[in-house]
Amino acid sequence: MPLPVVFSWSEDEDMLVFVLELRGATAKNMDVVLSDVFVKVNCHPSLFEVDLKHEVDPDHPKTLCRVGAGQVTLRLKKRTTGLWQEFRANGTKAELRVRRAHALAAADQREKELYKNRDDRKHEKLKAGEHEQWRLDRENREQIEKWQAEEKAKWERDVYAAFDEQGQAKATELADRQPEDTLCDGDVLPQPQDGMEEDPAQPQDSASSHVATPTSTLVVLPVSAAATTSVPSTIGDTGAIWTKEELEGLEEYVPDPRGTQGKIMMRFSERVRPGVPARDRGVRPPPFPKGTAVGDAAPPMMAGEDRDESDPVWLKDKADALMAAGDYQGAFNAYTEALKIGTNARAFANRAVADLYLGNLTQCIEDCNRSLSILDLRNRVPEGQMPPLEDPEDQAVRARLQVRIGTAYLWLGAFRKAEEHFDKAVATDGGLDAEERRRLTDDVERVRRARQALVLKERADHATRRLDSADSGSDALRTALDAYEECVRADDQSTIVRANRCFAQLRAGNLQDSLADADIALNSLRQWPIARRAPKLPARPARLEPPFLDDPTFTHPDQQKQGEVDWLMKHGGGSADNLPSLPSEYEWVRDVAEKSENAWIAVKKKMTKATVDAIRKATHELQDALYTRKPQVIRSCVEVASEQNRGGVGPSSKAIHQAEDYATKLAEFALEREAEHAQDAQALEQEFEECDLAKELAGSRSGVARSGFVRGHPVEVTRRRIYVKITLRRARVLEMLGDTEASVRELRVVLEVESNNTEAKQRLAVLAQVPALPPPRCSEQTTVSDALVTTETAASSGLSTVPTSHASRSVDVPSALASSSSTSGRTKEKVHFWDDEEEEPADHASPTTLLDSASEYMRRNDFGSALEVYNYLRRACKALDAFTELKILSNTSLCLQKLRGRLPDLISICTEAVDRIQEMENAAVCEVPAETLLRMKCACLSRRGNALGQQGKNEESQRDAVVVRELLARGAAVESGTGERSQTA
């Protein structure tokens with residue numbers, strides 16, 4: 001059921017403003033619906049919804065929702081200007097439902113049109129952007145092409161100009177040279193010198209074959225195109241430039257040798273794999289398997305380097321260390337990062353522990369189910385094949401996962417599911433040791449008793465709820481007490497049952513019994529099995545694995561001793577009857593290696609197949625007994641194996657000795673575990689004895705509760721709420737017993753746990769102004785009138801909720817334990833809240849201060865606290881004037897209208913207020929102005945008519961509405977007449 005939202009509202013002629021008090025509200029976890037006449041704000045677990053009196057404009061720019069600092073502000077622009085006076089629409093439930101449906105449909109249609117228009121605008125913007133980009137690209141391309149053309153033309157001009165200048169320079173140099181340096185038309189080549197052959201193609205003698213032949217030099221100078229065109233062509237019809245006769249005397253040009261010798265360095269790429277032939281190297285490295293990280297460096301865990309944050313094993317170890325240090329959110333994040341890299345069942349299981357400590361119970365169940373699915377997938381085999389043996393460590397993880405799922409369901413209130421998973425954990429083979437299985441079995445039994453007690457508690461709570469009606473009395477109290485007594489017999493250690501029976505005893509006036517139940521409830525709350533510190537680091541497996549027994553029928557070749565033979569002696573030259581005697585394990589056989597027929601050799605006896613099978617069967621049975629890991633079973637099997645060994649058909653002596661040693665180690669290990677369990681139990685008992693709930697439940701600066709959980713953990717919130725309620729009830733009982741100092745101490749303890757507890761502050765203020773109450777007349781039991789609970793102890797008047805169930809509904813009776821309103825000289829009328837209460841002695845402790853406190857509560861929209869103060873004033877303060885009493889009645893009806901589920905009380909208070917107004921109107925002398933009485937009467941009738949309409953009493957509701965319209969019309973006529981008289985005057 002959603003929780004109501006504390007809010008305030010204001011208006012002007014144009015705007016309507018709502019301010020909602022929502023702690024922890026953000027834009028991500030909120031759902032806001034704004035329509036013409038309906039507004040809804042959903043922030044789990046709170047819900048705010050209202051049907052507006054007139055229409056607003058949800059599409060106006062001034063209409064907005066602002067979130068921040070624990071408040072949500074709704075600013076709504078009115079469609080028409082004017083003051084509404086009230087924001088909530090009036091009408092029947094069906095009319096409001098139809099009106100709301102039309103408004104939501106219109107809002108949905110506007111939302112669809114908005115999305116469509118937004119998509120169209122987005123599409124148009126995309127198209128416009130594409131066209132603009134195309135235009136820019138085209139302009140850029142044209143500009144670049146223009147620049148390229150300009151640069152090309154510029155460089156062409158420069159190159160051609162350089163060529164022209166170079167050609168002119170060469171032509172000038174050629175003209176300035178001597179005639180002998182060049183060949184011109186008509187020049188005669190020099191004749192060959194002495195000793196030179198004119199025709200080099202002619203044969204030479206051998207003496208002159210090695211003589212160097214001098215050559216002529218032909219210099220060809222480059223000229224420009226203009227210079228070449230100026231030279232007359234000498235090309236004949238044959239197309240040759242030089243004739244054969246002219247070329248015979250020319251010498252080939254040879255450049256002069258360089259002055260210095262240089263060294264040229266050339267770089268070559270390094271070999272990828274030096275020392276490997278080229279045919280085997282290849283161009284590319286070999287491919288990696290799919291899914292393998294490719295890189296130059298090996299992974300840190302393979303290369304032996306320091307681990308980095310990408311190593312999932314390092315992340316899991318870091319998360320374990322963070323869990324042990326109490327940083328549960330950091331551990332959750334580290335487990336999440338490790339699971340992103342690789343899926344692991346134990347990482348999911350450990351993250352489930354972090355979820356338990358953080359209070360994320362649903363996430364804990366999901367992580368445990370994922371871990372179980374991974375374990376099941378690991379042991380899955382194709383159909384028709386035998387599944388493998390379960391890993392003992394996996395079985396331990398599986399059992400712990402079932403326990404964590406059951407714990408999460410238990411804290412969520414699903415007792416049956418919790419029992420199922422606890423039973424699965426107990427039934428897991430090898431998952432828990434004997435002590436853990438015994439404790440878990442006891443826990444399952446306690447859960448069953450608690451579930452049965454809670455079923456019976458519903459009837460007791462129903463009987464307690466009947467105390468709100470007008471016809472209940474001592475019979476209802478006796479019925480409630482009998483029902484709670486049956487619950488106590490079902491589960492005498494239930495904190496919830498004891499706390500609720502404490503309230504019932506308080507209502508019945510049994511103060512001593514109420515105080516005893518409160519003490520038992522606090523002691524039971526102190527022993528709740530919760531984590532009082534951060535979890536320990538996971539211990540290394542300390543499981544003793546059974547050894548492999550010796551098999552005398554087989555000896556591995558690697559285990560044979562060097563030089564060992566299987567024969568003892570040889571004998572020759574005798575018959576079989578005259579052979580010497582041998583040990584029992586040897587026998588004589590013929591030596592086939594010798595030629596003589598009388599050659600004998602003594603060898604070890606060989607076992608028959610039947611003997612080998614019997615020995616192997618007995619050895620396997622003893623090995624199976626070791627796998628049970630039970631010393632008693634192993635020792636009984638050892639006795640049987642010893643008898644079989646003496647008969648020659650049993651395990652070897654070595655195997656029997658191995659089994660005995662393993663049984664001894666198991667027994668010692670069991671004793672060590674028992675000692676550890678006893679030490680843990682002793683430490684737990686010491687923690688229970690030293691436990692101070694006030695210190696544990698008080699807040700800390702780190703945000704982590706002193707019990708190991710975060711402060712916002714559901715279990716911590718439940719413990720804190722139950723502790724506060726029980727302590728407030730103890731304070732009230734001690735106050736009624738006359739021990740005011742002890743009551744003040746209890747109230748101060750409540751303020752240590754909840755510094756903003758309104759009930760404790762109010763009660764302390766009252767106790768500071770009122771002298772200590774006298775003790776009751778009877779020491780053991782008091783009457784009903786002596787056991788009244790004041791309105792300031794709101795928490796003490798409500799029943800506790802189930803500590804492990806947040807989904808179960810708490811049985812909170814109204815906190816204002818008020819009797820019927822009574823004034824001086826008036827008789828007691830119909831009871832509005834509790835039937836069995838009589839009038840308390842008058843309390844004249846500063847009514848003005850209490851009225852101011854109630855007004856302040858109403859200004860802050862804390863109508864529950866204001867209602868408690870008004871009820872206390874109506875019950876305790878007798879010397880009140882008529883107008884103050886009428887104002888208290890009117891404000892009480894307003895508070896009841898703001899609170900849900902108080903329709904009968906609202907109708908009763910409004911009826912009493914209307915009757916009181918009628919008495920004042922009929923009185924001869926009335927101190928209250930008639931206009932004020934008229935307005936207050938209209939308000940009370942309107943509230944009563946609205947409540948009757950919600951109860952389905954339409955005729956009575958319409959009757960009140962008609963009376964309200966008549967009164968309003970009469971008031972308007974009176975005001976108009978007064979205005980006309982004043983204007984005439």
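Residue numbers for the sequence shown follow the UniProt record's numbering, so the first one is 1 and each next one is one higher. All residues carry an ideal CB built from backbone N, CA and C; glycine is no exception.
query: Identity of the residue in S957, E585, L511, A499 nearest S524 by Cα; result: A499
query: contact_flag[the stretch 457-465, the stretch 480-489] where n(CB pairs < 8 angstroms) is 3 or more; result: yes
query: Where E337 falls: helix, strand or coil (DSSP); result: helix
query: DSSP-derived helix/strand/coil call for A602; result: strand
query: Length of the line joining the Cα atoms of D881 and A923; result: 15 angstroms
query: Close-in-space but distant-in-sequence residues of the same chain around I341 (CB under 6 angstroms, 5 per side omitted); result: P312
query: Validate contact between the stretch 32-52 and the stretch 95-110 using beta carbons, cut 8 angstroms, 3 pairs; result: yes
query: Presumed contact (8 angstroms Cβ cut-off) between V72 and V41, rounded CB distance; result: 6 angstroms
query: Residue(s) in a DSSP beta bridge with R400; result: None; R400 has no bridge partner.
query: For W588, the three-state DSSP class (helix, strand or coil); result: strand
query: Contained alpha helix (DSSP H) runs [length at least 4] in the stretch 849-885, N- to C-terminal order; result: 863-876
query: As assigned by DSSP and simplified to three states, the class of C691; result: coil
query: Alpha helix (DSSP H) segment containing W567, residue limits; result: From DSSP, W567 is part of no alpha helix (DSSP H) but of the beta strand (DSSP E) over 567-572.
query: Exposed unless 16 or more other CB atoms sit within 10 angstroms - verdict on T81; result: exposed
query: Segment contact, 8 angstroms Cβ cut-off, at least three pairs: the stretch 397-412 with the stretch 428-443; result: yes
query: CB of V353 within 8 angstroms of CB of P61, strictly; result: no
query: Alpha-carbon spacing of R875 relative to I909, whole angstroms; result: 13 angstroms
query: Three-state class that DSSP yields for R88 in the structure shown; result: strand
query: Limits of the beta strand (DSSP E) - the one that L315 falls within; result: Segment 312-325 is the alpha helix (DSSP H) holding L315; no beta strand (DSSP E) there.
query: Where R944 falls, given that 16 or more other Cβ within 10 Å makes a residue buried; result: buried
query: Cβ pair count under 8 angstroms reaching 3, the stretch 862-870 against the stretch 889-902; result: yes
query: Residue range of the unbroken alpha helix (DSSP H) whose run includes F548; result: Here F548 belongs to no alpha helix (DSSP H), and DSSP marks it neither H nor E.
query: Alpha-carbon to alpha-carbon, R720 and A768; result: 26 angstroms
query: Assumed close pair A334, A319 - CB separation to whole angstroms, cut-off 8 angstroms; result: 4 angstroms
query: Simplified DSSP state of S494, which is helix, strand or coil; result: coil
query: Q385, DSSP secondary structure in three states; result: coil
query: Where Q951 sits in the DSSP three-state scheme; result: coil
query: Short Cβ contact (8 angstroms threshold) for D551 with T608; result: no
query: Neighbourhood of R900 by C-beta distance below 7 angstroms, restricted to the same chain and skipping five residues each side; result: P4
query: Simplified DSSP assignment, three categories, for L967; result: helix
query: Short Cβ contact (8 angstroms threshold) for A425 with L440; result: yes
query: Coarse secondary structure for Q632, derived from DSSP in three states; result: helix
query: Residues near L412 in its chain [Cβ-Cβ closer than 6 angstroms; skip 5 each side]; result: L361
query: Contacting residues, own chain, Cβ-Cβ under 6 angstroms from I365 (five flanking each side not counted); result: I405, A408
query: Cβ-Cβ separation, Q658 to L549 (assumed contact under 8 angstroms), whole Å; result: 6 angstroms
query: Buried versus exposed, by CB contacts within 10 Å (16 or more), P651; result: buried
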